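S.K.: Please see the structure below; I have some questions.
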Amino acid sequence: MPVVTIDGQPLHYLDQGEGEVVVLGSSYLWDSAMWAPQIAVLSQHYRVIVPELWGHGQSGPLPANTHSLDDLANQVLALLDGLDIQRFSLVGLSVGGMWGARLALAAPQRIRGLVLMDTYAGAEPEATRQYYFSMLKMIEDAGSIPPPLLDAIVPIFFKPGIDPQTPFYQTFRSSLTAYSRERLLDSIVPLGRLIFGRDDRLAALAALDADTTLVMCGEQDKPRPPSEAREMAELIGCPYIGIPEAGHISSIENPQSVNQALLAFLGKLSG
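For the sequence shown, my numbering gives the first residue as 3, with consecutive numbering after it.
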């Protein structure tokens, strides 16, 4: 994977295919592999860029001057500036949609189209914010993600009742055990606090272009329920698509429906 230095740290990204650019923004605790089914299909028609979050995949630690989702958005813009990419479509899932919406609001002239997936532009509800912060404190104190915590964290990302022996479930669980103490303390924990301590940007969504924006959500998403997605679609005035048989990482749980929706949306932009 290519690498570029941004804010003093190496940011790794995937760059595959040719044509109009589609940037894929990943979820917290996931690397670019969460988009494998989309990369395989979209890269046949588009140039697909997938930056890996700090401390995730092969990217370096969270830069010291990164304090907000706006900083993450600016770092992706810096990556695209370095690649001389002026206009692009942006598909952001979870935190990828959180910083993605901010990027689109800050640089609307750069955005060809915007897809917000399994994400929320509002502040984290107080109860879940405290719950996630307590988890992050446990990880910080342990210097690892202990098995009981894995049992609590991993199911959050998938539809209820998923078979824990499903390969992508097991792969994800294994990936969380591979984080070094250093990476957890330098990147994963502070990034989590940045994400779950975010400020509310719901009111700003009305400034997005309804004609070139789409909101999607797994119909069984637990951390970012469809009610939040519908709320955002209504504020923007754009279409909403529910992804059946999918939880938070809808890109993996129902790739066929996600790919179909993305190809239709991106094709309409190019038409």
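Every residue, glycine too, gets a C-beta built ideally from N, C-alpha and C. All figures in this text were calculated on a predicted structure; none of them were measured in a lab.
Decide if T7 is buried, meaning its Cβ has at least 16 other Cβ atoms within 10 Å, or exposed.
M.R.: Looking up residue 7 in the sequence shown gives position 5. Under this definition T7 is an exposed residue.
S.K.: So G194 and L138 are supposed to be a Cβ contact under 8 Å. How far apart are they, rounded?
M.R.: Within the sequence shown, numbered from 1, the residue matching residue 194 stands at position 192. Within the sequence shown, numbered from 1, the residue matching residue 138 stands at position 136. Right, their Cβ atoms sit about 5 Å apart.
S.K.: Indicate, with yes or no, if the ligand ADP has a heavy atom lying under 7 Å from the CB of Q18.
M.R.: Ligands displayed in this structure: none; no statement on the ligand ADP is therefore possible.
S.K.: Considering only the alpha carbon of each residue, which of Y122, V52 and W101 lies closest to L204?
M.R.: Residue mapping note: residue 204 aligns to position 202 of the sequence shown, counting from 1. Cα-wise, what sits closest to L204 is Y122.
S.K.: Starting from the C-beta of S253, find all residues in its chain whose C-beta is less than 7 Å away, skip the five residues before and the five after it, and write them out in chain order.
M.R.: Within the sequence shown, the letter at position 251 stands for residue 253. Contacts found: M36, W37, P39, Q40, L95 and V260.
S.K.: In the DSSP output, which residue or residues are listed as bridge partners for R112?
M.R.: Here residue 112 refers to the residue found at position 110 when the sequence shown is read from its first residue. DSSP lists no partner for R112.
S.K.: Are the stretch 72-87 and the stretch 206-221 touching, with three or more C-beta to C-beta distances below 8 Å?
M.R.: no
S.K.: Do you know offhand how far Q111's Cα is from R89's?
M.R.: Numbered from 1 along the sequence shown, position 109 holds the residue referred to as residue 111. Numbered from 1 along the sequence shown, position 87 holds the residue referred to as residue 89. In this structure, the straight-line span from the alpha carbon of Q111 to that of R89 is close to 8 Å.
S.K.: Quickly, what does DSSP pair Q11 with across the bridge? List them, please.
M.R.: In the sequence shown, counting from the first residue as 1, residue 11 sits at position 9. Paired residues: I8.
S.K.: Alpha carbons only, please: which of P228, A42, L71 and D211 is nearest the one belonging to Y30?
M.R.: As a working mapping, residue 30 is identified with position 28 in the sequence shown. Closest by alpha carbon: L71.
S.K.: Decide if E255 is buried, meaning its Cβ has at least 16 other Cβ atoms within 10 Å, or exposed.
M.R.: What you label residue 255 is simply residue 253 of the sequence shown in a count that begins at 1. Around the beta-carbon of E255, 16 or more other beta-carbon atoms lie within 10 Å, marking it buried.
S.K.: Is V24 near L44, with beta carbons less than 8 Å apart?
M.R.: One-based indexing of the sequence shown puts residue 24 at position 22. One-based indexing of the sequence shown puts residue 44 at position 42. Yes; because the gap between Cβ atoms is below 8 Å, this pair is in contact.
S.K.: DSSP on Y133, reduced to helix/strand/coil?
M.R.: Taking the sequence shown and counting its residues from 1, the one referred to as residue 133 is at position 131. DSSP places Y133 in helix when its eight states are reduced to three.
S.K.: Identify which residue in R131, P162 and R175 has its Cα closest to the Cα of P150.
M.R.: The residue labelled residue 150 in the question sits at position 148 within the sequence shown. The candidate whose alpha carbon is nearest that of P150 is R175.
S.K.: Taking only three categories from DSSP, how would you classify Q167?
M.R.: Translated into the one-based positions of the sequence shown, residue 167 becomes position 165. Residue state, collapsed to three classes: coil.
S.K.: If you draw a straight line from the C-alpha of L16 to the C-alpha of G59, how long is it?
M.R.: In the sequence shown, the residue the question calls residue 16 occupies position 14. In the sequence shown, the residue the question calls residue 59 occupies position 57. Approximately 11 Å between the Cα atoms of the pair.
S.K.: Can you give me the start and stop residues for the beta strand (DSSP E) that F267 sits inside?
M.R.: Counting from 1 along the sequence shown, the entry for residue 267 is found at position 265. Taken as a continuous stretch (DSSP letters only), F267 belongs to no beta strand (DSSP E), being part of the alpha helix (DSSP H) at P257 to S272.
S.K.: Taking just the CA atoms, how far does H250 sit from Q274?
M.R.: Summary: the structure shown does not reach residue 274, with the chain confined to residues 3 through 273, and so no result is reported for it.
S.K.: Could you tell me the distance, in whole angstroms, from the CA atom of A125 to the CA atom of E230?
M.R.: The residue labelled residue 125 in the question sits at position 123 within the sequence shown. The residue labelled residue 230 in the question sits at position 228 within the sequence shown. Going by the C-alpha atoms only, they are around 11 Å apart.
S.K.: Less than 8 Å between C-beta atoms, sequence neighbours within five positions excluded: which residues of the same chain meet that for Y171?
M.R.: If you number the sequence shown from 1, residue 171 lands on position 169. For Y171, where only same-chain residues beyond five positions count, the Cβ hits under 8 Å are V156, F160, I164 and D165.
S.K.: How many Å lie between A263 and S272 at the Cα?
M.R.: Position 261 of the sequence shown holds residue 263. Position 270 of the sequence shown holds residue 272. Their Cα atoms are separated by approximately 14 Å.
S.K.: Quick one: what does DSSP say R200 is sitting in, helix, strand or coil?
M.R.: For the purposes of this step, residue 200 is identified with residue 198 of the sequence shown, where counting begins at 1. R200 falls in the coil class under three-state DSSP.
S.K.: Could you give the distance in angstroms between the alpha-carbon of I243 and the alpha-carbon of S34?
M.R.: Working through the sequence shown from its first residue, we reach residue 243 at position 241. Working through the sequence shown from its first residue, we reach residue 34 at position 32. About 23 Å.
S.K.: Assign P53 to one of three DSSP states: helix, strand, or coil.
M.R.: For the purposes of this step, residue 53 is taken as the residue at position 51 of the sequence shown. The answer is strand: DSSP assigns P53 an E or B state.
S.K.: Check for me: the alpha helix (DSSP H) holding M3 runs from which residue to which?
M.R.: In the sequence shown, residue 3 corresponds to position 1, counting from 1. Neither: M3 is in no alpha helix (DSSP H) and is coded neither H nor E.
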